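Visitor: Take this structure first; my questions come after.
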Amino acid sequence: MTIIFNKVSIIGLGLIGTSILHAIKVKEDQKVLTFAYDINPEHRSIVSEMKIATYVCDDIKETVQEADLIILAIPVGSMKSVANLIAPHLKPEALVTDTGSTKLSVIKDVMSFIPTNNYFIPSHPLAGTEYSGPRSGFSALFENRYWLIVCDKETKQTKELALFFKKLGSIVETVNVDYHDRILAITSHLPHLIAYTIVGTASDLESDLKNDVIKYSASGFRDFTRIASSDPIMWRDIFVNNSEAVLEMLQRFNEDLSDLQKAIRKKDGEKLHSFFSRTKSIRERIIDAGQS
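One point on numbering: in the working numbering, the residue at position 115 of the sequence shown is 930, and numbering is uninterrupted.
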């Protein structure tokens, strides 16, 4: 099997970072060396015990100085400070990518620190669970899931990165930065915001009703609010850094919700049935695409 990157550095040992390490170990040639780092020493200790990285480093400099590929699997709010830390220690021609869920802010925060003899290519795996931390990762996380590479044109480096992600099991596509942030605002960021809000609404009910919400939670409430268990720091940073696109989609959602509210008030069953039928069809297409 052709080795694309001989030495791969993973910074950030949460769900995404450890899943990449698991996937490399399972799918890549054993000659690929992996260097792992997290600011949290407990996370480093856990990954060391799991033996999913060739080297677990206590110093971020050691993690990147020999790497051909550096993957920043950290909250988007940390990208700027980490880019500043690693930039002086990158070897010539090394490629840096990230896994953040917003891209305009990440490009702004990272690009100014990347030396001219290195490459920064933003990317985003559309994969995840509601769990976080180093024990949450698994090798099949990226299987048949889209991994978006954000670029205006293909280059030798974007092709190499795409091949690497494909070897981890992903379906790779390229998108431009504005499109990425707008599409993720509706497909990922807004659903999380709504899930957090519904749980918050339930928690603000009077005590007896709130207790019964927890006691009698049907599968619909449990399934829909599952993502409200996601990492609060990560999602705080996403909403702060993709606020413009999120607010645009939130405005559209509020308009649709207002229309439904009027239909319910007027007992307009025909309008409700039409809306539910249309959205049911869209949901079925998502399932058929294998992305549910």
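For every residue, glycine included, the Cβ atom is placed at its ideal position computed from N, Cα and C. Since we're looking at a predicted model, the values are computed, not measured.
Do Val841 and Ser920 have their C-beta atoms within less than 7 Å of each other?
Guide: Here residue 841 corresponds to residue number 26 of the sequence shown, with the count starting at 1. Here residue 920 corresponds to residue number 105 of the sequence shown, with the count starting at 1. Cβ atoms of Val841 and Ser920: not closer than 7 Å.
Visitor: Beta-carbon separation of Ile936 and Thr973 under 7 Å?
Guide: As a position in the sequence shown, residue 936 is number 121, starting the count at 1. As a position in the sequence shown, residue 973 is number 158, starting the count at 1. Yes.
Visitor: Could you say if the region 942-950 and the region 1038-1049 meet the contact criterion of at least three C-beta pairs nearer than 8 Å?
Guide: Output reads yes: the region 1038-1049 touches the region 942-950.
Visitor: Excluding sequence positions up to five away, which residues of its chain have a Cβ less than 8 Å from the Cβ of Ser938?
Guide: Taking the first residue of the sequence shown as position 1, residue 938 is located at position 123. Contacts found: Thr912, Asp913, Thr914, Trp962, Leu963, Ile964, Val965, Leu976, Phe980.
Visitor: Tell me whether the region 990-1001 and the region 1054-1072 touch, counting them as touching only if at least three CB pairs, one residue from each stretch, are closer than 8 Å.
Guide: Touching, yes, given that three or more Cβ pairs across the two stretches are closer than 8 Å.
Visitor: Hey, out of Phe820, Phe928, Leu1087, Leu910, whose CA is closest to Ser896's CA?
Guide: Looking up residue 896 in the sequence shown gives position 81. Comparing Cα positions, the closest option is Phe928.
Visitor: Does DSSP put Ile825 in a helix, in a strand, or in coil?
Guide: In the sequence shown, the residue the question calls residue 825 occupies position 10. Looking at Ile825 - three-state DSSP - the assignment turns out to be strand.
Visitor: Just how far apart, CA to CA, sit Glu877 and Tyr870?
Guide: By one-based count along the sequence shown, residue 877 stands at place 62. By one-based count along the sequence shown, residue 870 stands at place 55. Roughly 10 Å between the two C-alpha positions.
Visitor: Measuring straight from C-alpha to C-alpha, what distance separates Val987 and Ser893?
Guide: Counting from one through the sequence shown, the residue named residue 987 turns up at place 172. Counting from one through the sequence shown, the residue named residue 893 turns up at place 78. Cα-Cα distance, rounded: 25 Å.
Visitor: Return helix, strand or coil for Met816, following the three-state DSSP convention.
Guide: Along the sequence shown, one-based indexing puts residue 816 at 1. At Met816, the pLDDT of 47 sits below 50, so the modelled position is not reliable; the number obtained from the coordinates is stated separately. Met816: coil per DSSP, three-state reduction.
Visitor: DSSP on Leu874, reduced to helix/strand/coil?
Guide: Locating residue 874 in the sequence shown gives position 59, where the first residue counts as 1. The sequence shown places Asp at residue 874, not Leu. Asp874 falls in the coil class under three-state DSSP.
Visitor: With distances taken between CB atoms, is the gap from Val862 to Leu900 smaller than 7 Å?
Guide: As a first step, residue 862 is located in the sequence shown; it is residue number 47 there, counting from the start. As a first step, residue 900 is located in the sequence shown; it is residue number 85 there, counting from the start. No. Outside cutoff.
Visitor: The alpha helix (DSSP H) that contains Glu1063, what's its start and end?
Guide: Translated into positions along the sequence shown, residue 1063 becomes position 248. That run of the alpha helix (DSSP H) goes 1058-1080.
Visitor: Looking only at its chain, what residues have a beta carbon closer than 6 Å to the beta carbon of Ile1048, apart from the 5 residues adjacent to it on each side?
Guide: For the purposes of this step, residue 1048 is taken as the residue at position 233 of the sequence shown. Pro890, listed in sequence order.
Visitor: Quick check on Pro907: does DSSP put it in helix, strand or coil?
Guide: Start at 1 with the first residue of the sequence shown, and residue 907 comes out as number 92. Coil at Pro907, not helix or strand.
Visitor: By Cβ distance below 6 Å, which residues in the same chain neighbour Ser824 in space, the five residues on each side in sequence not counted?
Guide: If you number the sequence shown from 1, residue 824 lands on position 9. Excluding sequence neighbours, Ser824 sits near Phe850, Thr878, Val879, Ala882, Ile885.
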